[in-house]
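Asker: Below is one structure. I have some questions about it.
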Amino acid sequence: MALDHFRTTQLQLGEAVSGRSITAFSPPGIAIEAAKYPVLMAGVLASTEASEYLSIFDHPEAWMGLDREAVISMRRRLYKFTVAVDARRLEPSDIVQALQTIALSVSPVAIEIETSNLPQKNLHPLGGQLPTGSEVEISALDIISKPEISRVAKQITTLDVPASEAAWKLLDYDYTLDQVVRMMSVGLLGRLDNRRFVPTRGAYKAVIDAYVSRVLMELSDKPISDSFRVARSEFYGENFAIFSQPGEPRVDYFRIERTPKGFERDVSLEGAKNITIDSKTSVYADNARFSTYRDLVKQGESAHVSIFHYARNNANNILGPWVVRAGVKAALNSDQFFFDTQETAVGVLDSILSPHINIWTKKESLLDEFGGEFKTIEN
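Counting the sequence shown from 1 gives a position; the working numbering is that position plus 48.
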């Protein structure tokens, strides 16, 4: 369904305002980007218009069932109000405190900002993350509502423990990946003396890696699956097929992408050594692994999982790796097929894969059929 379709797709701002305070509303949302370290550009994602749906604008866990246009519309409405901060010294202190409060909030936050320009709404990619609306430089940021801050999150963020341990605790309390990443981005996790602001993209990598390491330890004493599973989903026009078989915990990610120049295939094999690194596939594989390992923990068993992702809709590139995380989750939450033998399971996998399974498993087939480029990616 399309969310708030008529109101969100027809919005246009009038004349730009100049030299005055503006009230905006954050879902809450934070985006930290690299500049020239230790200087980082810290952004608050906020809309200048109140909406009853605001709380899900930067909450991907609530997007299942929404169509692509609704997600794009929400993200376009979120200006990225940015200000420079010193990542090491955590200054200016008033801005840092406001950003940390917003990151801790579990409900929308009203803010007042000062800026000399407010451009029209446009959608801008954000390098391996979800896109945002237009970027706006601000000179002041104040919170003018009372944020709702969980006592659990407040307590965990005051602990003098490694960032990985704090991230585990938050995820154990059912905080979403995106919420934990926000806290890490604004220096709320880690040893007290070592806390820093970090770019949001790097925070995603750190939190996912920490989670996977923890899960691998937890699964070490769990039983190994005694069956073969096949699952599939179609998400925003992209195909996901998942093959699970008995074995030590491992998640491999295979991707074939349709591009204007033809087809390209990339592979991320967990634990592989001495191989070429492709940043896009690495980021996508991280998100695929996060969804998969969460499912293995829920199932309480170890398995070797292979994910086949056919990225045939280039329009989804603007949404970054979230599409992979959501597509894998959708497949794992679907009605799955269970088999006693590998032969039967592979036969079913072959029948649902697109392109044919030979294209995924043999380098020669891919090169002969499509003239694509073969890469292997390490996690």
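Beta carbons are placed, not taken as given, at the ideal position from N, Cα and C, and that holds for glycine.
Quick one: Cα of S141 to Cα of V184, how far?
Answerer: 20 Å
Asker: Could you give the DSSP three-state label for N335: helix, strand or coil?
Answerer: The answer is helix: DSSP assigns N335 an H, G or I state.
Asker: So what does A378 bridge to, in DSSP terms?
Answerer: None, per the DSSP bridge assignment.
Asker: Flag this pair as touching only if the segment 211 to 220 and the segment 179 to 194 have three or more C-beta atom pairs under 8 Å; answer yes or no.
Answerer: no
Asker: Do G181 and R125 have their C-beta atoms closer together than 8 Å?
Answerer: yes
Asker: Which parts of the segment 247 to 287 are runs of the alpha helix (DSSP H), unbroken and 4 residues or longer, counting only runs that do not cross its ends?
Answerer: 248 to 267
Asker: Which value, in whole angstroms, describes the spacing of the CA atoms of E162 and F129?
Answerer: Between E162 and F129, the C-alpha separation is close to 10 Å.
Asker: From this set, R342, P173, Y85, L93, which residue's C-alpha is nearest R137's C-alpha?
Answerer: If we check each option's Cα against that of R137, Y85 comes out closest.
Asker: Using three-state DSSP, classify G235 as helix, strand or coil.
Answerer: coil
Asker: Buried or exposed: S292, going by 16 or more other Cβ atoms within 10 Å of its Cβ?
Answerer: buried
Asker: Restricting to Cα atoms, I'd like to know which of E286, A279, M265, Y284 is closest to R460.
Answerer: Because the chain here runs from 49 to 427, residue 460 falls outside it and cannot be looked at.
Asker: Run the proximity test for V229: is its beta-carbon closer than 7 Å to any non-hydrogen atom belonging to the ligand FAD?
Answerer: Looking at this structure, you won't find the ligand FAD or any other ligand, since it has none at all.
Asker: Could you round the C-beta distance between P75 and D106 to whole angstroms and report it? I think they count as a contact, below 8 Å.
Answerer: 4 Å
Asker: Check whether the segment 268 to 280 touches the segment 301 to 321, counting contact only when three or more Cβ pairs, one atom from each stretch, lie closer than 8 Å.
Answerer: no
Asker: Could you pull the DSSP bridge partners for M89 from this structure?
Answerer: E81, A132
Asker: From E421 to N406, what does the alpha carbon distance come to, in whole angstroms?
Answerer: With a pLDDT of only 43 at E421, under 50, the local geometry of the prediction cannot be trusted, and the value read off the model is given with reservation. Spanning the two alpha carbons is a distance of roughly 16 Å.
Asker: What does the Cβ neighbour count give for P271, buried or exposed, with the cut at 16 atoms within 10 Å?
Answerer: exposed
Asker: Taking its Cβ as the centre, do 16 or more other Cβ atoms sit within 10 Å of R373, making it buried, or is it exposed?
Answerer: buried
Asker: Excluding sequence positions up to five away, which residues of its chain have a Cβ less than 6 Å from the Cβ of I290?
Answerer: A279, I355, A379
Asker: If contacts are defined as beta-carbon pairs under 8 Å, then E196 and T71 qualify, I think. What distance do you get, rounded to the angstrom?
Answerer: No, E196 and T71 are not in contact; Cβ-Cβ is about 19 Å, not under 8 Å.
Asker: Just to confirm my understanding: we take A201, look at its own chain, exclude 5 residues before and 5 after, and list those with CB closer than 6 Å. What are they?
Answerer: Hits under 6 Å: L152.
Asker: Note down the Cα distance separating D226 from P179, rounded to an integer number of angstroms.
Answerer: 14 Å
Asker: Enumerate in chain order the residues of its own chain whose CB-to-CB distance from R123 is below 8 Å, with the five nearest sequence positions on each side excluded.
Answerer: F105, L171, L178, P179, T180, G181
Asker: Using the beta-carbon count (16 or more within 10 Å), is H357 buried or exposed?
Answerer: buried
Asker: Please identify the residue among E109, R244, Y252 whose C-alpha is closest to the C-alpha of D222.
Answerer: Ranking E109, R244, Y252 by Cα distance to D222 puts E109 first.
Asker: For V394, which residues of its own chain have a beta-carbon under 7 Å away from its beta-carbon, when the five flanking residues on both sides are left out?
Answerer: Excluding sequence neighbours, V394 sits near nothing in its chain.
Asker: Express the C-alpha separation of V131 and P173 in angstroms, rounding to a whole number.
Answerer: 19 Å
Asker: Hey, out of Y127, N165, V154, whose CA is closest to R68's CA?
Answerer: N165
Asker: Looking only at DSSP bridge pairs, what is T180 linked to?
Answerer: H172
Asker: Do you know how far the Cα of L147 is from the Cα of Q384?
Answerer: 42 Å
Asker: Should S382 and S261 be called a contact, given that it needs their Cβ atoms to be closer than 8 Å?
Answerer: Result no, Cβ atoms of S382 and S261 do not sit closer than 8 Å.
Asker: According to the Cβ coordinates, are D314 and I256 closer than 8 Å?
Answerer: The answer is no: Cβ separation not under 8 Å.
Asker: Between which two residues does the alpha helix (DSSP H) harbouring S211 extend?
Answerer: The amino acid occupying residue 211 in the given sequence is Ala; Ser does not appear at that position. First-last of the alpha helix (DSSP H) with A211: 211 to 220.
Asker: Does the Cβ-Cβ distance between P156 and S198 come in under 8 Å?
Answerer: When the beta-carbon positions are compared, P156 and S198 stay at least 8 Å from each other.
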